[in-house]
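To start, the structure under review is shown below, and the notes come after it.
Number of protein chains: 2
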Amino acid sequence: MTSSVLIDRQDLDFLLRHVLDTDALFGRERFAEHSRETFDAAIATAQRMAEDLFLGHYEKSDREEPRFENGAVRVIPEARAALDAFGGAGFMASSHDFDEGGMQLPHVVSLACMVHFYAANVGTASYAMLTIAAANLIQAFGSAEQWQTFGRPMLEGRWFGTMALTEPQAGSSLADIATMATPAEDGSYRIRGNKVFTSGGDQDLSENIVHMVLARVSGAPSGVKGISLFIVPKVLPDGRRNDVALAGLIHKMGWRGTTSTMLNFGEGGDCVGFLVGEENRGLAYMFQMMNEARINVGLVATMLGYRGYLHAKAYAADRVQGRPIGTKDAAATPVAIDQHPDVRRMLLTQKASVEGALALCLYAARLLDDSETLADTAARKEATDMLGLLTPVVKSWPSIHCLKANDIAIQILGGYGYTREYPVEQLYRDNRLNPIHEGTTGIQAQDLLGRKIVTDGGQVMAVLCKSIRETAAPMTSPLARQLEKAVQTLESATAALRDCIGAGNTEKAYWHATSFLESFGSVVVGWLWLRQISALPGLDADAAVFASAKEATARHFFETELARAEWELGRIQQDCRSGR
Amino acid sequence: MTSSVLIDRQDLDFLLRHVLDTDALFGRERFAEHSRETFDAAIATAQRMAEDLFLGHYEKSDREEPRFENGAVRVIPEARAALDAFGGAGFMASSHDFDEGGMQLPHVVSLACMVHFYAANVGTASYAMLTIAAANLIQAFGSAEQWQTFGRPMLEGRWFGTMALTEPQAGSSLADIATMATPAEDGSYRIRGNKVFTSGGDQDLSENIVHMVLARVSGAPSGVKGISLFIVPKVLPDGRRNDVALAGLIHKMGWRGTTSTMLNFGEGGDCVGFLVGEENRGLAYMFQMMNEARINVGLVATMLGYRGYLHAKAYAADRVQGRPIGTKDAAATPVAIDQHPDVRRMLLTQKASVEGALALCLYAARLLDDSETLADTAARKEATDMLGLLTPVVKSWPSIHCLKANDIAIQILGGYGYTREYPVEQLYRDNRLNPIHEGTTGIQAQDLLGRKIVTDGGQVMAVLCKSIRETAAPMTSPLARQLEKAVQTLESATAALRDCIGAGNTEKAYWHATSFLESFGSVVVGWLWLRQISALPGLDADAAVFASAKEATARHFFETELARAEWELGRIQQDCRSGR
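Chains as they are written, first to last, in this note's numbering: chain A, 1 to 580; chain X, 1 to 580.
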């Protein structure tokens, strides 16, 4: 286990083994051939590859963003070298079957590999993230032939994937997608329409690009029930260039290494698309990809914040400035800034956010594994439902709090942090996308309140609250008592919101949706902090420094963010219960 | 009065006339020749000039940041044209005497002019801001000859000024400044040292650059009591080039139109500096410039947020997306996004922050006028002291909350907001400097807690609280009652912090310094919102829409940010009173 600028490896191992009990996975049939050693080897390979091939061109991929030159999009060559190595090492297929050439790793371990690439260079790593998600989508809902034709080359890292959903008039509102698909005689479809913000929509990194496109078959019902999913490759299986044209590159605030494109499908009337699954079920399929993408977005947000935290921490230990508060002697020796209370507070806030968010995202991945590999059907369903409830939180909470952590990193570095000589401003700019794409925070809040909390009568939420109480009950720590109180407040606020909507006062309820989402998330992250505390006694004696830092961080989180969330939930409840 | 993308002119006029009673200034000798018409004419000229000459190259000044080419720094020519016009119209001298060629405007009106330039193009306007502040510094503490030689050309806009404080090892800790000054036989000094982050430290915009440099005279005491202030021009009065060399340009996250430089003074052993005032009193002098700069930083932060708010508001009224919450019919007509509760909430939060911050900054400028032009000595001193107490708040609160407003603007524009096709991401990047320069938020918090609150025994704070209560007492609005409660909580938290420090528990007290500063600011801004509400009845009947929007915004501010501040102050008090 070597130290890293990307992540605290001791923290990652602690979360996997002691908090999320990845050892238990060896007992499941799918992972029977794995061991601690195979997990660790995959993670160590990812760390090394991320440090050697992804980290070095992080700044360059921002400075020299992809350009359209001589009829083609040019991405810096370092990105191709990194992605070729990524694919060559098998990371595109890390969670796929051995039979498919995959590593058959649990999702939680696959993501424990991905964290390194996300932290090192999100612009380059995104091509992989999108490809993995697109391949999973075809595997889940496409035909065996589609999988052989399109999925396999993606697993091998030769072809890359995209998700082409957004249109100029249809962003948050996918119901308004207007791209049309007309059946052709050979069983394929002809696609016509315009997409915007398609990440990786064009590049010179892979042999082919497989677009997963939402479109309407002529005559389909309006709204979300008339949307179908198509595979639209840039190059057709017979080697012909498909009628997909780049209409323009979009220039972003950050995350510049990943192209963001405007694409025209079928301008020449000859864009071939292949229907995935059945007509009009496309949005339901796409939600699988979006849910996977949302966990990954949460994790990217986490890792950008995490790396910024590690950078700020190292800087603050090194940068000498000022004297301890109250020192009157001008000749006294100056101290490192991590001795100043305000800086220590900022570092602790960062640590609480990024380590809490990492626990949250890995817990979500663990739920995904449970939903697929637990023996018991009811337990699998419970994991599936819990993941559904938590997905908007996993996507949003890190996007809010780890972005704040990046803001704090800039502040700790001061004037230096504001310059492009240090990575913290780029980490901030890159992270600023996460509250927007794959459903804005506002859309996630609507999903949580309108779909996940209200419609199922609160059953999954009740399971969550029960789990939280089960963690807290046997613990003697005052933090456990605070969390029990917080859960109760969360339940009361949830009930008040539900009643508010039930009484037809939807405006008022949705006014609070985003702050409810954030505070809900803080209770869940508080739970994961308590689970960390309860796991500390399992550590070796030589982890005492690590353990006491974890305890101090948890206390800080409970005193500040969890306390704020309790207050906010109380305020929401009060407003929903008021007659106004 | 024409509408503007830079500021709501109705809001600005309301604040000046109805909330801050600028009419009262005509009764003072200095402003006796002024009238509403002369004030309005100056503001209208500023608005027109900012829109015509500053706004147009806002994006370009970011994209084509200043470069070092062929031995000189090149700034885009549009900046020079804009600043030439600015100087030509007399804005460098807007608050100076008629005799000096100035407009003799009150500071509050001068700043009401400046807001337009700050909103339109902070990168270009900063050269003016620095020049005005440097000229004021020479006027206050320099000799008559220095004023003639260096100050006058700055007022005329031919020479620009800088403030050269920070050194590689001395940022927040000015006590550690190491630049040396050695007396020469002609009465001038020879300067030797390195400065970093000097804004406007080199450029091709003005005939000369006048650096206001902090340095130590050989043999001076260590610490802040051994710092002297020098005028160090790029070109000496006799036309020779002074020994000031550009060591490098610093590349920033934003605010790119203003050069940020590393300067070497006296590499060739022949850098001539002219002492301002007396030796070893330099830091005290510089504080005048810093205090002026701090008000301007608050105002810049405000205006970047304000313009972002206006942009987001216009976008949200125009962008059609989605249907009202609860609409089941997929064929229902989509609505503009400002109909969605979450977007309305975000817009209201922006409005509360930027209009509140504008009131705060203009109130500070009004205090500056009072401190200079009130007839009564005691009243002048009270204004001076109040401004001193509020300066860290004026600098920081807008830097926190109007930056958040810029973040919200990006969020409202969604994917578009994240692109460089819209100004909101640049406004954010530009604003991100404000919590850092001229003393970070942490430094301001230390100033408020350690100097402004504790050392004077709380006398000025008591005056502030009395003023707040005087506003609230006659009002029947529930907001007035909430503010009275908030002031009491502020007083209790302040007392607890003071006792904590008194008991030697400085670590704990300073742990809370930044959040105390922010919450203190929210109470003060709450007061200014209440003052706005109390001024609404003075408006004409045709301002009903304006007035009801102000009321709704004040309510929102009290329900969210002021309530949060009360909670936070309670938490601080509790922790300070606890035995831990």
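Glycine residues also receive a C-beta, built at the ideal position from the N, C-alpha and C atoms.
Straight-line gap, residue i to residue j (C-alpha atoms, nearest Å)
{"i": "His484 of chain A", "j": "Ala563 of chain A", "result": "Sequence inspection shows Glu at residue 484 of chain A; the His mentioned does not correspond to that position. Answer to the nearest angstrom: the Cα atoms are 12 Å apart."}
{"i": "Glu561 of chain A", "j": "Lys195 of chain A", "result": "39 Å"}
{"i": "Met154 of chain X", "j": "Phe160 of chain X", "result": "6 Å"}
{"i": "Ser578 of chain A", "j": "Asn505 of chain A", "result": "11 Å"}
{"i": "Thr131 of chain A", "j": "Met92 of chain A", "result": "8 Å"}
{"i": "Ala336 of chain A", "j": "Phe287 of chain X", "result": "26 Å"}
{"i": "Val109 of chain A", "j": "Met163 of chain A", "result": "24 Å"}
{"i": "Leu249 of chain X", "j": "Arg420 of chain A", "result": "11 Å"}
{"i": "Leu362 of chain A", "j": "Ala144 of chain A", "result": "31 Å"}
{"i": "Asp376 of chain A", "j": "Pro341 of chain X", "result": "42 Å"}
{"i": "Leu6 of chain X", "j": "Leu433 of chain A", "result": "26 Å"}
{"i": "Arg30 of chain X", "j": "Ser371 of chain X", "result": "13 Å"}
Residue i (DSSP reduced to helix, strand or coil)
{"i": "Trp255 of chain X", "result": "coil"}
{"i": "Ile191 of chain X", "result": "strand"}
{"i": "Pro233 of chain A", "result": "strand"}
{"i": "Gly305 of chain A", "result": "helix"}
{"i": "Pro183 of chain A", "result": "strand"}
{"i": "Asn291 of chain X", "result": "helix"}
{"i": "Val244 of chain A", "result": "strand"}
{"i": "Val73 of chain A", "result": "strand"}
{"i": "Glu167 of chain X", "result": "strand"}
{"i": "Met129 of chain A", "result": "helix"}
{"i": "Arg216 of chain X", "result": "strand"}
{"i": "Gly239 of chain X", "result": "coil"}
{"i": "Val196 of chain A", "result": "strand"}
{"i": "Thr261 of chain A", "result": "strand"}
{"i": "Asn406 of chain X", "result": "helix"}
Residue i versus the options, residue with shortest Cα-Cα distance
{"i": "Phe197 of chain A", "options": "A:Glu145, A:Pro183, A:Arg190, A:Thr259", "result": "A:Thr259"}
{"i": "Ala472 of chain A", "options": "A:Leu530, A:Glu167, A:Val122", "result": "A:Leu530"}
{"i": "Tyr306 of chain A", "options": "A:Val335, A:Asn406, A:Met475", "result": "A:Asn406"}
{"i": "Gly415 of chain A", "options": "X:Asp456, X:Thr419, X:Trp255", "result": "X:Trp255"}
{"i": "Ala112 of chain A", "options": "A:Ala359, A:Thr553, A:Gly450", "result": "A:Ala359"}
{"i": "Ala364 of chain X", "options": "X:Glu279, X:Pro423, X:Gln10, X:Leu464", "result": "X:Leu464"}
{"i": "Asp329 of chain A", "options": "X:Lys225, X:Phe287, X:Thr391", "result": "X:Lys225"}
{"i": "Gly171 of chain X", "options": "A:Ala81, A:Pro334, A:Leu214", "result": "A:Pro334"}
{"i": "Gly142 of chain A", "options": "A:Gly257, A:Gly277, A:Thr45, A:Val232", "result": "A:Gly277"}
{"i": "Thr22 of chain A", "options": "A:Met180, A:Asp40, A:Ala493", "result": "A:Asp40"}
{"i": "Arg158 of chain A", "options": "A:Thr166, A:Ala81, A:Gln139, A:Val115", "result": "A:Ala81"}
{"i": "Thr553 of chain A", "options": "A:Asp575, A:Glu355, A:His401, A:Glu438", "result": "A:Glu355"}
{"i": "Ile191 of chain A", "options": "A:Gly200, A:Arg555, A:Leu205, A:Leu229", "result": "A:Leu229"}
{"i": "Met290 of chain X", "options": "X:Ala496, X:Leu214, X:Ile468", "result": "X:Leu214"}
{"i": "Ala24 of chain A", "options": "A:Tyr285, A:Ser94, A:Asp369, A:Ser534", "result": "A:Asp369"}
| query | Can you list, in chain order, the residues of the region 378–398 of chain X whose Cβ is nearer than 9 Å to any Cβ on chain A? | reply | none
| Enumerated in chain order, which unbroken segments of the alpha helix (DSSP H) with a length of 4 residues or greater are wholly contained in the region 511–547 of chain X? | 513–535
| request: Using a Cβ-Cβ cut-off of less than 7 Å, give me the residues of the region 25–42 of chain X that come near chain A, in sequence order. | output: none
| said: Taking beta-carbon pairs under 9 Å, can you tell me which members of the region 338–359 of chain X lie near chain A? | reply: His340, Pro341, Asp342, Val343, Arg344, Arg345, Met346
| said: As an exercise, report each continuous alpha helix (DSSP H) stretch of at least 4 residues that is fully enclosed by the region 323–381 of chain A, in chain order. | reply: 341–373
| Against chain X: residues of the region 240–274 of chain A by CB proximity under 7 Å | Ile250, His251, Lys252, Met253
| message | Give me the subset of the region 552–571 of chain X whose CB atoms are less than 9 Å from a CB atom of chain A, sorted by chain position. | response | Glu559, Thr560, Ala563, Arg564, Trp567, Glu568, Arg571
| message | Please list, in chain order, the residues of the region 197–229 of chain A that have any C-beta partner in chain D closer than 9 Å. | response | Included in the structure are the protein chains A and X, with no chain D among them.
| request: Note down, one range per segment and in chain order, each beta strand (DSSP E) of at least 3 residues found wholly within the region 446–489 of chain X. | output: none
| Residues in the region 166–189 of chain X having any Cβ partner in chain A nearer than 9 Å | Thr166, Gln169, Ala170, Gly171, Ser172, Ser173, Ala175, Asp176
| If contact means a Cβ-Cβ distance below 7 Å, which residues of the region 510–534 of chain X contact chain A? | Tyr510, Trp511, Ala513, Thr514
| message | Please list, in chain order, the residues of the region 434–450 of chain A that have any C-beta partner in chain X closer than 8 Å. | response | Pro435, Ile436, His437, Thr440, Thr441, Gly442, Ala445, Gln446, Gly450
| Going along the chain, which unbroken runs of the beta strand (DSSP E) with 3 or more residues stay wholly within the region 19–70 of chain A? | 67–69
| field | Residues from the region 464–483 of chain X in contact with chain A, defined by Cβ distance under 8 Å | value | none
| Uninterrupted alpha helix (DSSP H) stretches inside the region 91–164 of chain A (no shorter than 4 residues) | 107–120, 122–141, 152–155
| message | Please list, in chain order, the residues of the region 120–135 of chain X that have any C-beta partner in chain A closer than 8 Å. | response | none
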